[in-house]
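Colleague:
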């Protein structure tokens with residue numbers, strides 16, 4: 068059982084080929100820069116990790132595209148992790164902290180009872196752009212409080228929008244519907 072993931076000397080050049088890491092809660096410490104030699108690394112998932120991580124310092128030399136960390140933000144720099152998951156029937160989302168873009172793909176989004184139920188709730192104040200791809204229904208309260216969004220393009224695939232989906236989007240000044 069690993070307690071520390073901070074000694075790449077044990078693994079040598081094999082680390083350069085690592086593309087994905089899934090870490091369990093048994094990892095007790097991650098040394099800054101430990102992933103630097105993992106130039107092919109694109110995905111990391113932490114399961115039960117409780118210490119603050121800083122994507123901007125841990126992954127600077129990798130090709131990292133996805134980090135799933137069960138926390139709201141890094142205590143050191145304020146960066147938020149990249150998160151992804153399900154948000155309805157055959158519908159997925161991914162939030163990228165670098166671009167501050169929330170992408171929703173396919174299907175019907177859930178009609179939430181309130182904004183605190185949306186899976187990206189902890190990122191609401193960070194979302195600058197929403198990209199909808201093949202979405203048929205925008206769920207109730209889905210983007211309530213996304214105060215940085217200035218415009219949104221709704222694809223022709225959208226046939227319905229739930230109640231309050233864009234409430235409190237105070238900078239939203241342009242909505243384009245492609246249908």
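Numbering (our numbering), first residue to last: 68 to 246.
By construction, the Cβ of each residue, glycine as well, lies at the ideal position given by its N, Cα and C atoms.
1) For the region 209-216 against the region 158-165, are there 3 or more C-beta pairs whose distance is under 8 Å?
2) With DSSP as the reference, please indicate the residues paired to residue 213 in a beta bridge.
3) Measuring only the C-alpha atoms, how far is residue 124 from residue 109?
4) What does the Cβ neighbour count give for residue 177, buried or exposed, with the cut at 16 atoms within 10 Å?
5) Would you mind working out which of 204, 223, 154 sits nearest residue 187, comparing C-alpha positions?
6) For the beta strand (DSSP E) holding residue 163, just list the boundary residues, first then last.
7) By alpha-carbon positions, which one of 223, 227, 182, 203 ends up nearest to residue 235?
8) What is the DSSP secondary structure of residue 185, counted as helix, strand or coil?
9) Shortest alpha-carbon distance to residue 222 belongs to which of 171, 105, 151?
10) Since residue 242 and residue 205 are thought to touch, with beta carbons under 8 Å apart, how far apart are those beta carbons, to the nearest angstrom?
11) In angstroms, rounded to a whole number, what distance separates the CA positions of residue 163 and residue 210?
12) State the Cα-Cα distance for the pair residue 179 and residue 88, rounded to the nearest angstrom.
13) Rounded to whole angstroms, what is the Cα-Cα separation between residue 237 and residue 207?
14) Should residue 163 be flagged as near chain E, meaning a C-beta pair shorter than 8 Å?
15) Nearest-angstrom Cα distance between residue 233 and residue 193?
Modeller: According to the structure data:
1) no
2) Partner(s): none; residue 213 has no beta bridge.
3) Confidence is the limiting factor: at residue 124 the pLDDT is only 47, short of 50, which leaves the residue's position unreliable, though a coordinate-based value still follows. Their backbone Cα atoms lie some 15 Å apart in a straight line.
4) buried
5) 154
6) 158-163
7) 182
8) coil
9) 171
10) So it is not a contact: roughly 11 Å between Cβ atoms.
11) 16 Å
12) 32 Å
13) 17 Å
14) You won't find chain E in this structure, because it holds only one protein chain.
15) 15 Å
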